[in-house]
Structure formats: C-alpha cells, structure tokens
Amino acid sequence: MGTMSEEILSRKLGREVRAGEIVIVPVDYVMAHDQTAPLAIESFRRLGMPLFDPQRTIIVFDHIIPAATVQAATLQRGIRNWMSEERVGNFLQEGICHQVLVERGFVTPGAVVVGADSHTCTYGALGAFGTGMGSTDIAVALATGKTWLRVPETIRFELSGQLGPHVYAKDLALAMCGAIGVDGANYHAVEYGGSAVRAMSISERMTLANMAIEMGGKTGLVEPDEVVDEYLAGRAREEYEPVLPRNPRYSRVVEIDASSLEPMVALPPDPEHLAPAHELQDLPIDQVFIGTCTNGRLDDLEIAASVLRGHTISPRTRMVVTPASRQVLLSAMERGYIQTFVEAGATVTNPGCGPCIGRHQGVLAAGERAVTTQNRNFPGRMGDPTAEIYLASPATAAASAITGYITDPRRLS
Amino acid sequence: MSRIWKVGDNISTDEIIPGRYNVTTDREQLAKAAFIEYRPDYAPNVRPGDVVVAGRNFGMGSSREHAPISLQASGIQAIVARSFARIFYRNAINIGLPILVCDELHGAVEDGGALHLALASGRIELTDGRVFHVEPLPEFVLQIVQAGGIIPFVQAGRL
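As they're listed, the protein sequences go chains C and Y. Position 387 of the first sequence, counted from 1, bears residue number 395 in my numbering, the numbering being contiguous throughout. Position 106 of the second sequence, counted from 1, bears residue number 158 in my numbering, the numbering being contiguous throughout.
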C-alpha cells in the first residue's frame, strides 16, 4: 500500500517502505552530462572503485555541444578519456539527456534512474522514479549501483477537465508552480493524475514531470498506462512491470481544472510568479527561444511551426529554435517545420540544451527580455543578470516572436 | 566572531554561481565566482570562517555541485538557512560543507553583522547576547557528516 514512490521503492527493496524512511536503493541507470560529469569523475576517482556496471552508466554531451570554449573542450576531452578507461557502455551526443534517455528506451515504468541533472525528474512521465543529484552522489551510484534516499511524502495534483485551444501542458505546469510555489514540493514527490493527464501524450507528460523540480520536487510521477506501453513497444531496453499507487496517502492533494486555464507566462525571478499572457502584451521582446527538455520535442515544434507558418518574426526580435534531439530534428525536417522556422527568420541550432543555460547560442545582454519555453527564469540564467526571462508554451513563444511583444496565441488564430 | 553574509529567500544556483562560470572543476576559480553577479562584493571580501545566513529554500534549481563547492572554497564556515533546496542540501553534506537549519536566525541578523557559531553544539550567539540553536541533523545525514562526507562514508563500506 502506498504512493507511486513508496510502491516503486518497496518493490526495488523487496519490503514495504514508507515515507520518511531512509533507504539504500539499487539503481537501474546512472547518468551524467558534459557539465556535471567532470566533478563526478573527480569524486569517482577519489572513491577508488570500479564502475558498478559500464552498461548501466550513461554519459550524454548536451550542455555545451559542440564545445564553445577551450575550457569546455578540455573538460569534454577529459570525459572522453575517462569513458575509454572505464569502458562506459553508453555515450550519447544526439540531444538533451532527458529526451535521449527516454527515446532510447532506458526509462521504463518502475525503474529507478539517478542523474547528475536536476531535471532527471522528467522520467516520472513514464512512471519511473527519476531523480536529480549532484556529481558526488552520482559518483557514489556509479561505483556502488546504489543511492540513499529518504522515501518522500507525495503531493498529488488532480488535474480535471481538458485543456482549451492554445492552452498546453506547459501552461498547466506553470499553473502548478504558481499554486504551491517554488518550494511547495521540497523533499516531496509529486504525482499527476486526472482526466487532463490521461489525455496527454508522453511528450506532454514529460513537460509536466520536468517541472516537478521547479516546485522543489524529488520526482514527478504519472501512472503508467497504455500510452506508455505504446510508446515503449519496440523501444524499452528491458521488460517492465508498471507500478501504480495502491491506497495511497498523500500529504496534500491540489485540484486544478485544466479547462479553466488560459495561456500563462512566468515572470522573473522564478516560475511561481505568473500572469496570463494577455495581461503582458505591452512587453517588448528581444529574443524568443523554443527548445529544452521542457518543450523541445516534435509536438512542441509542430505547435510553434503552425503558429509561425506564413509569418515572419518581428524585426525587433530574434528567435532561436533548438530541437531536443536528433530524432526530433529529423522528424521536424521531414514534416517541414524546420523550413517554416528558417523562412520565418529563426536560427535553428543543433540538438542540445541550447541557450537555456546562457553559455552559447543566444546569450542575453543587460536589460534584454526573452520569452522561452524552458523551465527556469532565475536571474543570470541566460546571460546578464539584469536580463528578464519569461517562461511560456511554444505557442505563446512563437506568437510573441511574430509580434515582438508577449502575445496570447489565441489572439493570432 | 564570524561576519554574516545575509541573503534572501529562494536563492537559486544561478545566483550562487551562474552556468557560465562553472565550466571548470578548479576550486580557486569556482571560489572567485561565488555570488559573482548576485553579490559582487562577496568573493573579494569574504574571509575564512564567515557565515552565510539565508532565508527559505536556499540553493534551489540546478544539481550543479559547483554551487556548494564555490561557497566552501570561498572559505565560509557554514550556511545557516531557514530551509534548503533538496539537491543543494545533499551536495553540501556530501562534500562536507556544514549546512544548518535555523528558522529564527535570518530575521534576527543584518548583513555585515557578526555571530559566533559553535559547530559541534549548533549554538549561535549574536554580539548582543541573543542565542539560537540550529535544528539537529537527521541521524543518517549526521553519520555522513561524522564520516567526513559521502566518499569516506562509502569507502568505509557503509552504503
């Protein structure tokens, strides 16, 4: 009996565990990327132990790829050397870690996946207990195949109704941050249920789960169903048995009627400060960014392309599009979305994290204002600390690129 | 006495060390980048033994371990906050940076003030004589701290 987190951890451990207990749990996969692997490797070497399993070790290059500076290139060379020393079984450089791990079938219902990236919580979209940790925690998992966890209490979001036209999973994710705040789920797991979630694709569920950490959440779980089974057919690397909540006790249940939502924007300095897009329409925009582990997937690009088709972006605004993975890029090319972006005047980059972390491919100057589909708008994240970052759905971002002002996408249709 | 560096609620890892400054594992470089944009006066003036006093949810956001390392390498003795974001909390414990929870201290001190912190007892005394006690660490976390961080803890076969 328990929440999804309690059930998953109980099954892993072969005994019933409850929220509040500290457990040492075996992990299915351990992931680090070009930004967090260097410190993980230093800690791993200090431990002086071999990899617990090279085939369950995953390194992804996505944060600064291709390397933008000598410093980044040097760190990446160090990671490559370490990977050949340790015979790491999985090295991926074809997009954002979270997108690629899901696409490549590493993530299955009931699995425990730890990653040196805070958005590892995204894997909950498929019913896996994914959680982000720092580099030394990941080094410990690389060496032992285990991690320690406090079994979390769970906040359950019941998301009823259906999203209206031009209202998306991102708007719902932002509404949840607004409802409980940026530390509302600190030390907790989050579960998402209700008719609005059942109707969502894997990609949309990933948008929700991705932003669990923006409420402080340890992971963000959706009950696996036939949508997950269909997605994993021919893709999952191993057999799985879905884990569902059984007579769960939640520390808090928050109900949101998805039908009542409108396109939302998160204002600086963090994702809990919200306003409806139409209330911000006087704010001029210098840059629009579409991409990231939150909203860089094929359906996100489809939404943005359908808004942009036949338009050009405002001369006062620049636009960057970064597909979440090579597969996303290839499909978007096939379907003509990339053509639409380029014709509209956007810069399309290689798959990866893009300008989300302010290191390359579209950094902001002092006082500039960006609308972006990413998950974080903390000061200094995308460049100068006085630049303002507004978070929105791909539709709102694309509409804003056309007008040069923050724009409710319903206004253009 | 330790100088107090007081910061507010919801200080993110981007404010502790922006992503542009953590393309390195060098502790000296990371120390110079601590609070580089949020508090440009911090890195040039912080002294060994100083204490950061924070509000709620200190260290929210990224898993970057560069954030606690930059503060540790800058020489501070500890961070005392009303609460910590989960990943930052783990990272600090793992690397042996003392992080202490005390709900009342933040409202009682000013930036630039001074306090005396007795790490072993968790007792904090201000210059005007007021005394605060930090919350005890959970037993398992305390064991990691007493081992000197997660690496010696694992090397001792305790995970």
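C-beta atoms are modelled at their ideal positions from N, C-alpha and C, and glycine is treated no differently.
Contact test: residue i Cβ vs the ligand NAP heavy atom, cutoff 7 angstroms
i                     : result
residue 209 (chain Y) : Summarising the ligand content, the structure contains no ligands, and the ligand NAP is consequently not present.
Check whether residue i and residue j have beta carbons under 8 angstroms apart
i                     : j                     : result
residue 315 (chain C) : residue 240 (chain C) : no
residue 105 (chain Y) : residue 158 (chain Y) : yes
residue 279 (chain C) : residue 399 (chain C) : yes
residue 227 (chain C) : residue 13 (chain C)  : yes
residue 229 (chain C) : residue 132 (chain C) : yes
residue 170 (chain Y) : residue 191 (chain C) : no
residue 3 (chain C)   : residue 330 (chain C) : Residue 3 (chain C) cannot be examined here, being either before or after the span of chain C that is shown, 9 to 421.
residue 99 (chain Y)  : residue 55 (chain Y)  : yes
residue 100 (chain C) : residue 110 (chain C) : no
residue 297 (chain C) : residue 387 (chain C) : no
residue 423 (chain C) : residue 143 (chain C) : Here chain C covers residues 9 to 421 and nothing more, so residue 423 (chain C) does not appear.
residue 258 (chain C) : residue 163 (chain C) : yes
residue 63 (chain Y)  : residue 111 (chain Y) : yes
residue 77 (chain Y)  : residue 47 (chain C)  : yes
residue 180 (chain Y) : residue 57 (chain Y)  : no
residue 89 (chain Y)  : residue 70 (chain Y)  : yes
residue 389 (chain C) : residue 66 (chain Y)  : yes
residue 413 (chain C) : residue 289 (chain C) : yes
residue 328 (chain C) : residue 370 (chain C) : yes
residue 160 (chain Y) : residue 182 (chain Y) : yes
residue 146 (chain Y) : residue 118 (chain Y) : no
Boundaries of the beta strand (DSSP E) in which residue i is found, first to last residue
i                     : result
residue 175 (chain Y) : 175-178
residue 54 (chain Y)  : 54-58
residue 2 (chain C)   : Lying before the first or after the last residue shown, residue 2 (chain C) is absent from chain C, which here runs from 9 to 421.
residue 66 (chain C)  : 65-68
residue 272 (chain C) : 272-274
residue 303 (chain C) : It is not in any beta strand (DSSP E) - residue 303 (chain C) instead sits in the alpha helix (DSSP H) that spans 300-303.
Residue i versus residue j - alpha carbon distance
i                     : j                     : result
residue 208 (chain Y) : residue 325 (chain C) : 57 angstroms
residue 342 (chain C) : residue 306 (chain C) : 11 angstroms
residue 200 (chain Y) : residue 346 (chain C) : 52 angstroms
residue 253 (chain C) : residue 232 (chain C) : 10 angstroms
residue 158 (chain C) : residue 28 (chain C)  : 6 angstroms
residue 84 (chain C)  : residue 149 (chain C) : 21 angstroms
residue 332 (chain C) : residue 114 (chain Y) : 19 angstroms
residue 265 (chain C) : residue 160 (chain C) : 26 angstroms
residue 142 (chain Y) : residue 223 (chain C) : 17 angstroms
residue 154 (chain C) : residue 287 (chain C) : 48 angstroms
residue 102 (chain Y) : residue 96 (chain Y)  : 13 angstroms
residue 179 (chain C) : residue 401 (chain C) : 6 angstroms
residue 192 (chain Y) : residue 202 (chain Y) : 11 angstroms
residue 129 (chain Y) : residue 83 (chain Y)  : 14 angstroms
residue 310 (chain C) : residue 205 (chain Y) : 49 angstroms
residue 185 (chain C) : residue 198 (chain C) : 12 angstroms
residue 197 (chain Y) : residue 145 (chain C) : 14 angstroms
Own chain partners of residue i with C-beta closer than 6 angstroms, once the 5 adjacent residues on each side are dropped
i                     : result
residue 396 (chain C) : 276 and 377
residue 123 (chain Y) : 86
residue 187 (chain Y) : 153
residue 375 (chain C) : 394
residue 70 (chain C)  : 41, 104, 105, 360 and 361
residue 174 (chain Y) : 185 and 186
residue 407 (chain C) : 315, 415, 417 and 420
residue 382 (chain C) : 300, 302 and 364
residue 134 (chain Y) : 107, 108, 155 and 158
Whole-number beta carbon distance between residue j and residue i, since they are thought to touch under 8 angstroms
i                     : j                     : result
residue 72 (chain C)  : residue 367 (chain C) : 5 angstroms
residue 322 (chain C) : residue 263 (chain C) : About 39 angstroms separates the two Cβ atoms, so there is no contact after all.
residue 183 (chain C) : residue 60 (chain C)  : The Cβ separation is near 40 angstroms, so there is no contact.
residue 135 (chain C) : residue 251 (chain C) : 6 angstroms
N-terminal and C-terminal residue of the alpha helix (DSSP H) that residue i is part of
i                     : result
residue 142 (chain Y) : 138-147
residue 400 (chain C) : That residue, residue 400 (chain C), is in no alpha helix (DSSP H); it is neither H nor E in DSSP.
residue 213 (chain C) : 210-218
residue 76 (chain C)  : That residue, residue 76 (chain C), is in no alpha helix (DSSP H); it is neither H nor E in DSSP.
residue 12 (chain C)  : 12-21
residue 154 (chain C) : First-last for residue 154 (chain C): 154-158, but that is the beta strand (DSSP E), not the alpha helix (DSSP H).
residue 158 (chain Y) : 157-160
Contacting residues, own chain, Cβ-Cβ under 7 angstroms from residue i (five flanking each side not counted)
i                     : result
residue 174 (chain C) : 271, 403, 417, 418 and 421
residue 20 (chain C)  : 33, 34 and 120
residue 76 (chain C)  : 367 and 368
residue 177 (chain C) : 208, 212, 215 and 216
residue 61 (chain Y)  : 107, 108 and 109
residue 267 (chain C) : 169, 170 and 172
residue 62 (chain C)  : 94, 95, 96 and 97
residue 140 (chain C) : 123, 125, 126, 127, 128, 129 and 221
Same chain only: Cβ atoms within 8 angstroms of residue i, ignoring 5 sequence neighbours per side
i                     : result
residue 350 (chain C) : 356
residue 320 (chain C) : 351, 352, 353 and 410
residue 284 (chain C) : 270, 271, 272, 273 and 416
residue 210 (chain C) : 110, 133, 134, 235, 236 and 239
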